[in-house]
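Engineer: If you scroll down you'll find the structure; I have some questions about it.
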Amino acid sequence: MSSSFHVAHHFSDAEQQRESAKLGMWVFLLTEILLFGGVFVAYAVFRVWYPDMFYNAHKALDVTMGTVNTAVLIVSSLTVALGIREIQLGRQKQCTRYLLATIVLACVFLVIKYFEYAHKIHLGQLPGKFYTFDGIAGTNPHVFFSIYFLLTGIHAFHILIGISLLTWVMIKNMKGHFSAQYFTPVEITGLYWHLVDLIWIFLFPLLYLIG
Amino acid sequence: MSENQHTTHITPLWIYFAVGGALLVLTAVTVGVSFIDFTSIFGVSSMNFAVAMIIATIKATLVALFFMHLYSDSKFYSLTLLSGIACLMIFIVITLLDTNFRGKIYEIEGQPIEPAAKIYQSENVSDQ
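Chains A and B supply the protein sequences, listed in that same order. The first sequence: position 44 = 44 (my numbering), numbered continuously. The second sequence: position 116 = 116 (my numbering), numbered continuously.
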C-alpha cells in the first residue's frame, strides 16, 4: 500500500473519508451548475426576445465541428470512467493509459475549438462592441455571440483546468500513489470531467442546433 | 491498514460501453432531428427545442447515473445534484416570468441598457 494514503484523524475510517471527499466534490459541481446557470438564464431571456435572430445567428456555427467535439467529449468521458474502473480494480498501468487517452481527447477538443474561434474572429462574429460581421438578419446578433463566447469560453476554461487535473492525477498514479484501496483523487477528478461533458451535452443543442 | 476495507461497487465493463454507445447514437439522433421541422408537424411552437432538450436530458441522465456512479452510490449525491438543478430551474423560470410578461402589466418601452451600446435595427427594440 502506498505511504501517501492515511485516514485523517477526524474521520472514523477510510470509507467515511472517501465519502466526505466525494460529497465535497458534488457540492462543488452544484456551484458549477449555477455558474453556467447564469449564462443559461441570459441565453433563455435573449432567445425568447429575439427568436429569429438566434435562428439566423446559429447558422454561423459549424454543426460538423460541434458534432465532432461532442463525440470527442463523450468518448473522453468514457475513457476517464474506464480509467476509474481500472484503478478500482488496482490496475495502475491500465488506469494511466485511460487517463492519457482522456487528456489527448481533451486536447483534440480544444484544437477543434481553436479553429472555430479563429474562423469567427476572422469574420468579426464577436461579442458586443467587437461585432463587425454584416450578414445576420435580425435584432442584435452581437448578443448571440456574446452568449456563445461566454458559454463556450467558460466551458473551454473548464477543459483546460480538467487537463491540468487529469495530468496531475496521471503523474501521481504513475508514481504509484493510487491503488484499489485509495483512488479518491482519480474518482473526483473523473466527476469533474463528467460534469464538463454534461454541460457540453446541453450547450451543443442550445447553440448549434436551434430548430 | 487491513481495517480500511472498501465497499466499492465495480460497474460491469459492458455498461460503460453500452452507455458510451448510447450517448454517441443519441448525439447523431439530436443532430438528425434538428433538420426536421417538428414545430410545423405538430403545430405547436418550440417543438424542436423541446425535442433537443429531451434528448440532452436523457444523455445527461445516462452520464450522471452510470459514468458518475449515481446509480450505485449513496442517493445523497443524487440529491445534491438535483437540488442544484432545482435552483437553476427556479432561476430560469422566475427570470423569464419577469422578462416575458412585464409588458403585460406596465406600459414599457424597451430602452438600451447603455446609451452608447451598439444596437442593430433599433426600431425593433420596443418589441421587448
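We put the beta carbon where it would ideally sit given N, CA and C, even for glycine.
Taking all protein chains shown into account, do 16 or more other C-beta atoms lie within 10 angstroms of the C-beta of residue 207 of chain A, making it buried, or fewer, making it exposed?
Structural biologist: Looking at its Cβ environment, which holds 16 or more other Cβ atoms inside 10 Å, residue 207 of chain A is buried.
Engineer: If we cut at 7 Å on Cβ distances, does residue 96 of chain B have a partner in chain A?
Structural biologist: Chain A contact via Cβ: present.
Engineer: Give the residues of chain B in contact with residue 194 of chain A, contact being defined as C-beta atoms less than 8 Å apart.
Structural biologist: Those are 63, 64, 67 and 68, listed as they occur along chain B.
Engineer: Which class does residue 34 of chain B belong to by DSSP, given the choice of helix, strand or coil?
Structural biologist: Note: residue 34 of chain B maps to coil in three-state DSSP.
Engineer: Which of helix, strand or coil does DSSP assign to residue 212 of chain A?
Structural biologist: Residue numbering for chain A in the displayed model covers 1 to 211; residue 212 of chain A lies beyond these limits and cannot be assessed.
Engineer: Taking the alpha helix (DSSP H) that residue 175 of chain A belongs to, which residues open and close that run?
Structural biologist: Counting along the chain, residue 175 of chain A falls outside any alpha helix (DSSP H), and DSSP gives it neither H nor E.
Engineer: Given residue 34 of chain B, which residues of its chain have a CB within under 8 Å of its CB, disregarding the five upstream and five downstream residues?
Structural biologist: Excluding positions up to five away in sequence, the list reads 48 and 52.
Engineer: Under a CB-based cut-off of 7 Å, is residue 26 of chain A close to chain B?
Structural biologist: Judged by the 7 Å Cβ criterion, residue 26 of chain A is in contact with chain B.
Engineer: At 8 Å on the CB atoms, spell out the chain B contacts of residue 22 of chain A, in chain order.
Structural biologist: Correct list: 73 and 77.
Engineer: Could you check what DSSP says for residue 153 of chain A in three-state terms: helix, strand or coil?
Structural biologist: Of the three classes helix, strand and coil, the one that applies to residue 153 of chain A here is helix, per DSSP.
Engineer: Given a cut-off of 7 Å on the beta-carbon distance, is the pair residue 26 of chain A and residue 77 of chain B in contact?
Structural biologist: In contact: residue 26 of chain A and residue 77 of chain B (Cβ atoms closer than 7 Å).
Engineer: Assuming residue 18 of chain A contacts residue 184 of chain A under a Cβ cut-off of 8 Å, what Cβ separation, rounded to an integer in Å, is found between them?
Structural biologist: That pair is a contact at about 5 Å.
Engineer: Does chain D have any CB closer than 7 Å to the CB of residue 94 of chain A?
Structural biologist: Absence of chain D from the displayed structure is noted, the protein chains being A and B.
Engineer: Verify the CB distance criterion: does residue 165 of chain A have a CB-CB separation below 7 Å to chain B?
Structural biologist: Not one chain B Cβ lies under 7 Å of residue 165 of chain A.
Engineer: Go to residue 75 of chain A, then tell me how far its alpha helix (DSSP H) extends in each direction, as first and last residue.
Structural biologist: Taken as a continuous stretch (DSSP letters only), the alpha helix (DSSP H) holding residue 75 of chain A covers 63-88.
Engineer: Which chain A residues are close to residue 198 of chain B, counting only those with a beta carbon under 7 Å from its beta carbon?
Structural biologist: With chain B running from 1 to 128 in the structure shown, residue 198 of chain B is simply not present.
Engineer: Name, please, each residue of chain B whose Cβ falls closer than 8 Å to the Cβ of residue 70 of chain A.
Structural biologist: Simply 27.
Engineer: Across the stretch 164-176 of chain A and the stretch 24-43 of chain A, are there enough close Cβ pairs to call them in contact, namely three or more that are closer than 8 Å?
Structural biologist: No, the stretch 164-176 of chain A does not touch the stretch 24-43 of chain A.
Engineer: By how many angstroms is the C-alpha of residue 62 of chain B removed from the C-alpha of residue 162 of chain A?
Structural biologist: Roughly 21 Å separates the two Cα atoms.
Engineer: I'd like to know if residue 81 of chain A contacts chain B, where contact means its C-beta is closer than 7 Å to some C-beta of that chain.
Structural biologist: Judged by the 7 Å Cβ criterion, residue 81 of chain A is in contact with chain B.
Engineer: Would you please state the rounded distance, in angstroms, between the beta carbons of residue 138 of chain A and residue 52 of chain A? I believe it to be under 8 Å.
Structural biologist: Rounded, the Cβ-Cβ distance is 5 Å, consistent with contact.
Engineer: Is the distance from the Cβ of residue 144 of chain A to the Cβ of residue 57 of chain A below 7 Å?
Structural biologist: Yes. Within cutoff.
Engineer: What's the gap between the Cα of residue 201 of chain A and the Cα of residue 102 of chain B?
Structural biologist: Their Cα atoms are separated by approximately 32 Å.
Engineer: Pair every Cβ in the stretch 19-36 of chain B with every Cβ in the stretch 104-117 of chain A, then say whether three or more of these pairs are closer than 8 Å.
Structural biologist: The stretch 19-36 of chain B, when compared against the stretch 104-117 of chain A, does not touch it at the 8 Å Cβ threshold.
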